[in-house]
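Student:
Laid out in structure tokens, this is it:
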């Protein structure tokens, strides 16, 4: 019979101590062999040690009927085992397109955000990463030119709360254990598709490696453990140089350090500031600027940038192309609206005037200093009787369309065609009535609503604080 190193890993990494202290743990459960095995092992261990176990499943909406099959399997299995299950159904493809992310990156973000929400601030989450996952990850990172931290692979514990009890067991051993113990599971068909880079490693490269090295998982696991010890020591030395949670450093100190130390300082500051680990190209740019004495800024992953001044090097939020808050002030336009400001944010404000007078009244809110605040404006006069009140002002949402010029057009396509930066796309107001999108500043109004000189009109004016590039 196959024996897994589950109990050994719990003890060696003090996962057992953590679970007993917290008294509860959430198991990430996909329905695959690894997570099905982990769920059974955790159920037995938790029952013996008085720890509450629950599970979470995410249906990403990527694999259609197969994903629904997996969800149903997880629901049925957890009911049979008496394990409480929480399920999230998400439309990851739509969310990824909206946020400009890759499908896998978005799916991971959705998954871990859900686990965080369920576990709470001090909860533990067990995931089924195993030794074969670690091997594939190290090979994948190595072939992309990773540094020391990347070669450390998948840690047994991440952030003090994500536990990997199967990290010392290979996928073959786990599947054998499932077969011997009658543990059912489902198979993700995408794991067998040949086009994915990771699948090429799994399906083509690893079998060749095993012909020469019988147990590559064990060899790579030893390497990652040794390198992790080195990484921990280097991180501690970097922390001593910087101080806890530092996001800035003296330029003199930074420039005096060898590249290996300077790059560590930069990466640590970026993470302290809430960004992601900078890639080699970012590090090279910062070190080059620091060495040349130049001042300026370099954008880094995760929404931060590195600013180099004469005296210091610091990490700060990169707000130059980020969505502006929406809205600061917003409202609706009813048929009896008297006129004035109905919407305002950092990009612009919208004013509405019924009747003939399209000027800005002296008493209108925000009249003072408008010549200094607002640099440009766009207006449109609409036929009052063609509007289905009340109107609402909002930001864009996925699937928005507007019909003008005899064609129905996607708002996303209109924005892309103008090459509008994300900050403008997110802050530009969309005015809609009961029939749909009525007008977006910078574009024609909906067909059939433009005032042509007869009858009552409604005039909308959008005043911009900065040039929106429309």
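Residue numbers (the numbering used here): 7 to 476. We put the beta carbon where it would ideally sit given N, CA and C, even for glycine. Since we're looking at a predicted model, the values are computed, not measured.
1. Let's see if you can read the secondary structure: which residues bound the alpha helix (DSSP H) around residue 265?
2. Is residue 5 near residue 279, with beta carbons less than 8 Å apart?
3. Which same chain residues, not among the five before or five after residue 372, have their C-beta less than 6 Å away from its C-beta?
4. Thinking just about the alpha-carbon of each residue, which of 386, 397, 30, 168 is nearest to the one in residue 458?
5. Under 8 Å between the Cβ atoms of residue 98 and residue 67?
6. Here's the rule I'm using: 16 or more other beta-carbon atoms within 10 Å means buried, otherwise exposed. How should residue 23 be labelled?
7. Starting from the C-beta of residue 377, find all residues in its chain whose C-beta is less than 6 Å away, skip the five residues before and the five after it, and write them out in chain order.
8. Using the Cα positions of residue 395 and residue 340, report the straight-line distance between them to the nearest angstrom.
9. Note the first and the last residue of the continuous alpha helix (DSSP H) segment covering residue 413.
10. Going by DSSP, what residue range makes up the alpha helix (DSSP H) through residue 115?
11. My output table needs one value for residue 240: the three-state DSSP class, helix, strand or coil.
12. Can you check whether the CB of residue 275 is closer than 8 Å to the CB of residue 293?
13. Just confirm the distance between the C-beta atoms of residue 72 and residue 195, as a whole number of angstroms; I'd bet it's less than 8 Å.
14. Quick one: complete beta strand (DSSP E) runs, 3+ long, within the region 9-56?
15. I'd like the span of the alpha helix (DSSP H) that includes residue 83, first residue to last.
16. What's the gap between the Cα of residue 230 and the Cα of residue 236?
17. From the DSSP output, in three-state form, read off residue 208 for me.
18. For residue 77, which option in 42, 87, 135, 64 has the closest C-alpha, if you only look at C-alpha atoms?
19. Run the CB neighbour count on residue 413, radius 10 Å, all protein chains shown included, and call it buried at 16 or more, exposed below.
20. By Cβ distance, which residues of its chain are closer than 7 Å to residue 197, with the 5 residues on each side in sequence left out?
21. Could you give the first and the last residue of the continuous alpha helix (DSSP H) run that contains residue 147?
22. On a CA-only basis, which of 116, 161, 95, 91 is nearest residue 102? Give me that one, please.
23. Nearest-angstrom Cα distance between residue 417 and residue 466?
24. For residue 99, report the span of its alpha helix (DSSP H) as first-last.
25. Suppose contacts are defined by Cβ-Cβ distances below 8 Å. Is residue 463 in contact with residue 438 by that definition?
26. If contacts are defined as beta-carbon pairs under 8 Å, then residue 21 and residue 169 qualify, I think. What distance do you get, rounded to the angstrom?
27. Are residue 384 and residue 475 touching if we call contact CB-CB under 8 Å?
Tutor: Reading from the atomic positions:
1. Boundaries of the alpha helix (DSSP H) around residue 265: 265-278.
2. For the chain, the structure presents residues 7 to 476; residue 5 sits outside this window and is missing.
3. Annotation note: pLDDT 36 at residue 372 (below 50); position unreliable, coordinate value reported separately. If we look at residue 372 and ignore the five residues flanking it on each side, its Cβ neighbours are 347.
4. 386
5. yes
6. exposed
7. Residue placement at residue 377 cannot be trusted, given a pLDDT of 43 that sits under 50; what the coordinates show is reported in the next sentence. Here the set comprises nothing.
8. Their Cα atoms are separated by approximately 6 Å.
9. Per DSSP, residue 413 belongs to no alpha helix (DSSP H); it is in the beta strand (DSSP E), 413-416.
10. 109-125
11. helix
12. no
13. 6 Å
14. 30-34
15. 71-87
16. If you take the alpha carbons of residue 230 and residue 236, they lie about 10 Å apart.
17. helix
18. Nearest option by C-alpha distance: 64.
19. exposed
20. Excluding the 5 residues flanking it on each side, residue 197 has same chain C-beta neighbours closer than 7 Å at 205, in chain order.
21. 137-149
22. 116
23. Approximately 19 Å, taken between the alpha carbons.
24. 98-105
25. no
26. 5 Å
27. Against a cut-off of 8 Å, the Cβ pair of residue 475 and residue 384 comes out as no contact.
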